[in-house]
Amino acid sequence: MGSGTFSPALAQPYQISLGAGILQKESCPGEVQLPLPAPRQKTSVCSHTNGRHGIYVNHKQLSLAFQSSKPLCYGRPKSSPQRDSHSARVAAVTSTDTAPPKSDAQSWQDGRHGVIFSPEELLKATGGKLLKDGPPGSICTDSRIVQEGDWFLALKGDRFDGHDFLNEVAEKGCAGAIGIAGAIGIAVPSNWSRGFLQVDDTLVALQQLASHVRDRSQGPVVGITGSSGKTGTRAMVGLALRSLGHVHETRGNLNNHIGVPLTLLATPCHSKALVLELGMNHAGEIAELAGICRPTVRLITNVGPVHLEGLGTVEAVAQAKGELFETARAGDTVVLNMDDPLVAALPISDGVRVVRYGSGAGVDVRLLNVRTTDGGLGVKCVLQRKEGERTIESSLLKIEHPGVHLLKNAAAAAAVAVALGVPLKTAVRGIQEYEPVGMRMRVQKCYKSGLTLLNDAYNANPMSVKGALEVLARVECGGKKVALLGDMLELGQASRQAHIEVLQQCVESRIDLVAVCGEVFREAAASVAPSDLDLRVFPDSATLAKAISMEGAGGSLTLGIGDLVLVKGSRGLKMERACEAIERLEYHSDAATVGAVCITMPRQAFVERGRHLHLHSPSSLSECINRRSGTVFAEACKVQFEEGGPRRRMLRTRS
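Each residue of the sequence shown is one higher than the last, beginning at 18 in the numbering used here.
Laid out in structure tokens, this is it:
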């Protein structure tokens, strides 16, 4: 395992080396030499090869393999240096040294749920009381997925108490449990025969264990927060850093006081870098999360009007987000967005390295020549790495997904990579493979109905809704442009005005049809004149979803072939219901008019998820649509092209 890897494990797994002929001149700590004759041809033991010679195995696996009941002795030599400084952590990532990091107790890594702890290490990390001993195991907080050999950590929440499931996890063969024994209503079951660690607070224990993992990490840790763009930027940073090796990232929405510790605990042993998303909804939360994960590189994407219900003003939001910079230590790196005045003005401690990015002069990574491509379905720009006025590197960046905001996220990711010594062109090659995460501006071609769905339903705030409507306005289509919007939550006293401004933007962008749901949008709708906007109001997303239908099929919210539909709203509105309703729509061939389909690519290319199918005739186009959508076209269907501009073709068909 290369230096610079994450090593919370305190007793190292081995690598297997077959035959002295393939060993290096000097043996490497942490390797077991098996003097077998070299095979005539390459053989593959396992597809997962994270060592010089193949997979890692722990002492139990070796014992089973050799039918031995006595584990082998192992451990890293005490003379191996421990790297603590920021520069050493960065250097460790690119080092070719394969010696495992220093360890000081009996434990090892990579269980079913992540890092494996011995009971002694659990005790040391939490300061609890070991009521009953048990074998080593990884930490699991969900009783539904506990497996044999896991330690179950009984979290107590608003709806569930993990202590109520102790008998259930025991039946599944857990190694032990971590709980609040002796508290009112909580006790170790009388028949409990597993390990049990008593702590004062299981949530605190979870965070202490995560901090214990972080103490032993030697690769760079990137912490990302911001009012919008956190998840997309986090994904891009992971792609930009992949040349360093395996990058462990936040999964899903695990960005709070529980999710961040769980992400740390799930860090694989072979990871070279860690990229964490840090979320918040109140002051002090970012400082708490930063204290647990202690990022060596810190990024705030932007600051905008979010969480105003609890924080009051945008300036207060900036101060709360700024806790990520305030807690930076000497030797850490701050990546600064110079295009956001609120971020650029945040205080930074002495001794902290600053890497700046933006579209203006005086930055380390500059964003230039922003353009949309493919009829608005893609974006591109030029990124430059600067030293003063001198350009060191320059690279063209193309992303095959809509939204100019993606280029700002990409510039941030490139700046993080440059800060860690990754060449700009290498970072750009990774970033260009970005795919939207979840319901975040995902383009979905609905071939059964002929619709195109912009699925941005995961969440919403004024900044992200503004960006989404800009995408809707820029993308070309052959039918109507439709926006289905849900309330933006947690905006406090600024809520009504923010929703009015969204509707005004719809008017200015000439959106053909707007449907809204939620109490605040219902009140804001009164400010829009019926002559300015075709606006439909629904009480909730379920009612809105039921109203969606195809033209000619009835319903109060009808969509037609070629329509482009944006769906967006706060998480509490569950706007994915509208997406699901759209995905179920089908065009029925008995309708009189098939409609219009807009082909936005040059050379009459039909586009499906980034792949171009070049067409040589109108008949091949109808065959293509028929094959991909399942729509029944009559054999005598008449196909006619109409010029709609230099990069646009309108297909009209009639049965």
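From the three backbone atoms N, C-alpha and C, an ideal C-beta is built for every residue, glycine too.
DSSP-derived helix/strand/coil call for residue i
| i | result |
| --- | --- |
| Leu511 | Here residue 511 is Ala; the residue named in the question, Leu, does not match the sequence. Ala511 falls in the helix class under three-state DSSP. |
| Cys494 | coil |
| Thr389 | strand |
| His287 | coil |
| Ala444 | helix |
| Asn354 | strand |
| Arg407 | strand |
| Arg553 | strand |
| Leu147 | strand |
| Thr330 | coil |
| Leu576 | strand |
| Leu281 | helix |
| Val254 | helix |
| Val230 | helix |
| Arg370 | strand |
| Ser526 | coil |
| Gly339 | coil |
| Met567 | strand |
| Val454 | coil |
| Arg346 | coil |
| Arg601 | helix |
| Val360 | helix |
| Ile303 | helix |
| Val421 | coil |
| Ile517 | helix |
| Ile133 | strand |
| Ile309 | helix |
| Ala429 | helix |
| Gln225 | helix |
| Lys141 | helix |
| Pro479 | helix |
| Ala595 | helix |
| Val488 | helix |
| Arg268 | coil |
| Gly249 | helix |
| Pro322 | coil |
In DSSP terms, what residue i is bridged to
| i | result |
| --- | --- |
| Thr469 | Lys462 and Leu581 |
| Lys397 | Arg388 and Lys415 |
| His263 | Ser288 |
| Val533 | Leu502 and Val554 |
| Gln215 | Lys146 and Gly196 |
| Leu293 | Gly240 |
| Leu316 | Ile241 and Val352 |
| Val382 | Tyr374 and Arg402 |
Other residues of its chain near residue i: CB distance less than 8 Å, five sequence neighbours each side excluded
| i | result |
| --- | --- |
| Val435 | Val372, Asp381, Val382, Arg402, Leu441 and Ala444 |
| His299 | His324, Gly327, Leu328 and Ala337 |
| Thr219 | Leu170, Ala171, Leu172, Lys173, Gly179, Ile195, Gly196 and Ile197 |
| Val554 | Ala532, Val533, Cys534, Phe538, Arg539 and Ala542 |
| Gly16 | As displayed, the chain neither begins before 18 nor continues past 672, which places residue 16 out of reach and without an answer. |
| Ser637 | The pLDDT assigned to Ser637 is 40, lower than 50, so where the model puts this residue is not dependable, and the model offers no usable value. |
| Lys415 | Thr390, Gly395, Val396, Lys397 and Gln449 |
| Thr242 | Glu294, Leu295, Gly296, Met297, Ile303, Leu316, Ile317, Thr318, Lys338 and Leu341 |
Contacting residues, own chain, Cβ-Cβ under 7 Å from residue i (five flanking each side not counted)
| i | result |
| --- | --- |
| Gly572 | Ala564, Ile565 and Ser566 |
| Thr60 | At Thr60, the pLDDT of 32 sits below 50, so the modelled position is not reliable; the number obtained from the coordinates is stated separately. Answer for Thr60: no residue qualifies. |
| Arg259 | Gly447 |
| Ala429 | Thr250, Leu316, Thr318, Val352, Asn354 and Tyr374 |
| Arg407 | none |
| Ser587 | Asn476, Ala477, Gly503, Asp504, Met505 and Leu506 |
Own chain partners of residue i with C-beta closer than 6 Å, once the 5 adjacent residues on each side are dropped
| i | result |
| --- | --- |
| Glu410 | Arg402 and Leu441 |
| Ala598 | Ala562 and Ile565 |
Residue i Cβ short of 8 Å to the ligand MN heavy atom set
| i | result |
| --- | --- |
| Leu384 | The ligand content of the structure shown is nil, which means the ligand MN is not present either. |
* Asked: Does the region 458-472 come within contact of the region 351-369, defined as at least 3 CB pairs closer than 8 Å?
  -> Verdict: no, contact absent.
* To do: Report the residue ranges of all alpha helix (DSSP H) runs contained in full by the region 149-199; include only those spanning at least 4 residues, in chain order.
  => DSSP runs (the alpha helix (DSSP H)) wholly in the region 149-199: 183-188.
* Quick check: the region 481-493 against the region 294-313, are there 3 or more CB pairs under 8 Å? -> Counting Cβ pairs under 8 Å, fewer than three are found: no touch.
* Asked: Touch check for the region 164-172 and the region 228-242: three-plus C-beta pairs under 8 Å?
  -> They do not touch, by the three-pair rule.
* Between the region 276-287 and the region 219-229, do three or more beta carbon pairs fall short of 8 Å? -> Look at the beta carbons and you see the region 276-287 touching the region 219-229: at least three pairs across the two are nearer than 8 Å.
* To do: Assess, as a yes-or-no matter, whether the region 142-151 is touched by the region 209-218 under the definition of 3 or more beta carbon pairs within less than 8 Å.
  => Contact between the region 209-218 and the region 142-151 is present, with at least three C-beta pairs closer than 8 Å.
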